[in-house]
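Chains as they are written, first to last, in this note's numbering: chain A, 1 to 277; chain B, 1001 to 1277. Glycine included, C-beta positions come from ideal geometry on N, C-alpha and C.
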């Protein structure tokens, strides 16, 4: 693992690291914020999964999360959104290929074998963090934005016991019912829709739900709201009687100005779960 | 004036606007954050001047200032750092020409007539804001980073009565004694060093000082600290018995991770001056 940069930040360190990934068979870069408390021992961690077109860097520089993570003594992990490189398949569309991994393990050509973001985020990167940084693997929570909100919700519901809490900003909430989803799931997983179900937060909510608290914010002025389908997930949450807070935020759009506005609420929400019994 | 974007942000609006500038004889773009209180009438304003290579956008997305400005009910203005466009002179070096206006009125070819950032920030943009937005011109303060810290300090000391308080993050504090300064002042203003004095915060501090509170943060691990010369300004502040807080922040560098870490302190500092008697 190679250190690309480390900057002092809110009393802790904002680092960027690169490593050869077995899951994606290419070099992967991630950001990691460690609060000051990490000098004294393992700290809880909040995963932040990013949206379409993002790298590890966007949220790390624009989401304004470090200030609240430092206040709570929580680490933040910012993975990339796909494999990258000249040898890695790509597509002219911004919402397919590099920058658009959708947090699945691709089975279809040309996306397999590199596009295995599920294994990367669920298994490989957690193991790497546990080995190299003072992260408490027993205290993990997860959040994300847009495609990353989809990733956070589907990881949380597929891995019961892994995350103490889950939240999302403007998540792609029902990808099997949206052009942000059908296109990518077809390309990466093929046309057999049985394989899609574990990658749809609304279907997972109907099937199993999440064994902990859940928070979702979506802006009423989100320019992509018809693709996000928050109404499908809200209905499923209510039908399941899932412990949850779902908020429609008046006037907010899909941008990082929306994400940063509600970041304090999300970090505080996760801190309560991470520091609870 | 044209609205390029407006995003809901911390209960207010983060806007980006473009207008034809008389001062720089080209189109100029700036960011303006208006807090929720601006709906009810004029609000105080904090100017944020950016550093080398930045546009209006960097601080607007990376400095994490809106959260604190919203808390205090203060507007934030993010001007660009130079004139721009195919017709505007430029230089291969990152620290001269477009993105490096240095907040002066150039007198030398090829920089005159476009490079008149002093007039733009001191006169034209304030008038434009007063005309178009609920900004209280009687309650203005100013800050900036690096070259923008230089701009903030020199504007504040040259325009007594204009700004109630001034602060800076890692300012270029003594440009006439630094390669970040001599090169640009020579190019823009010519070799007659008499014209340089009003563009050097240390020389201005020796000559006149500032009629209000002053706050400066610089990181001890700033990779450009030899070019910033904080020691020259610190000495001049102490010799003048200027009301000031100057802080050397251990381990911090020149990045926006440094700026965002101390932004709350700066906005709070200015709020005290803006809401005082």
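Buried or exposed (CB count within 10 angstroms, at least 16 for buried), residue i
| i | result |
| --- | --- |
| residue 1 (chain A) | exposed |
| residue 1241 (chain B) | exposed |
| residue 3 (chain A) | exposed |
| residue 141 (chain A) | buried |
| residue 1160 (chain B) | exposed |
| residue 1245 (chain B) | exposed |
| residue 209 (chain A) | buried |
| residue 268 (chain A) | exposed |
| residue 109 (chain A) | exposed |
| residue 22 (chain A) | exposed |
| residue 194 (chain A) | exposed |
| residue 41 (chain A) | exposed |
| residue 132 (chain A) | exposed |
| residue 1222 (chain B) | buried |
| residue 1207 (chain B) | exposed |
| residue 298 (chain A) | Any property of residue 298 (chain A) remains undetermined from this structure, which presents chain A solely from 1 to 277. |
| residue 1243 (chain B) | exposed |
| residue 1005 (chain B) | exposed |
| residue 1020 (chain B) | exposed |
| residue 1036 (chain B) | exposed |
Contact list for residue i against chain A, beta-carbon separation under 9 angstroms
| i | result |
| --- | --- |
| residue 1050 (chain B) | What residue 1050 (chain B) touches in chain A: nothing, since even the nearest Cβ is about 15 angstroms away. |
| residue 1258 (chain B) | 7, 8 and 9 |
Residues that residue i contacts on chain A, provided the C-beta gap is smaller than 7 angstroms
| i | result |
| --- | --- |
| residue 1252 (chain B) | 8 |
9 angstroms Cβ cut-off: residues of chain B touching residue i
| i | result |
| --- | --- |
| residue 67 (chain A) | 1064, 1067, 1260, 1261, 1263 and 1264 |
Neighbour list for residue i in chain B, Cβ cutoff strictly below 8 angstroms
| i | result |
| --- | --- |
| residue 61 (chain A) | 1061, 1062 and 1256 |
Interface residues of chain B facing residue i [CB-CB closer than 7 angstroms]
| i | result |
| --- | --- |
| residue 38 (chain A) | The contacting residues do not exist; residue 38 (chain A) stays about 14 angstroms from chain B at best. |
Taking contact to mean at least 3 C-beta pairs separated by less than 8 angstroms, is the region 80-91 of chain A in contact with the region 157-167 of chain A? no
Determine contact between the region 171-184 of chain A and the region 192-209 of chain A, defined as no fewer than three beta-carbon pairs at a distance below 8 angstroms. yes
Taking 8 angstroms as the threshold, find out whether the region 104-124 of chain A comes into contact with the region 250-258 of chain A through three or more Cβ pairs. no
For the region 1242-1252 of chain B against the region 1207-1226 of chain B, do three or more pairs of beta-carbon atoms, one drawn from each stretch, fall closer than 8 angstroms, so that the two count as touching? yes
Taking a Cβ distance cut-off of 8 angstroms, strictly less, list which residues of the region 1012-1034 of chain B are near chain A, in chain order. 1014
Mind listing, in chain order, the continuous alpha helix (DSSP H) runs of no fewer than 4 residues lying wholly within the region 1166-1253 of chain B? 1182-1189, 1201-1207, 1225-1228 and 1230-1240
Taking three-plus beta-carbon pairs below 8 angstroms as touching, is the region 267-277 of chain A in contact with the region 1027-1036 of chain B? no
Taking contact to mean 3 or more Cβ pairs, one atom from each stretch, closer than 8 angstroms, check whether the region 89-97 of chain A and the region 63-75 of chain A are in contact. no
Three Cβ pairs or more, each shorter than 8 angstroms: is that satisfied between the region 39-56 of chain A and the region 131-140 of chain A? yes
Within 8 angstroms of chain B by C-beta, residues of the region 215-226 of chain A in sequence order: 219 and 221
Threshold first: 4 residues or longer. Then list the alpha helix (DSSP H) segments lying entirely within the region 79-161 of chain A, N to C. 125-132 and 147-158
Could you check whether the region 1007-1020 of chain B touches the region 1102-1119 of chain B, counting it as contact only if at least three pairs of C-beta atoms, one from each stretch, sit closer than 8 angstroms? no
Kindly provide the ranges of any beta strand (DSSP E) runs that are 3 or more residues long and lie completely inside the region 8-88 of chain A, ordered along the chain. 12-21, 26-34, 43-49 and 75-79
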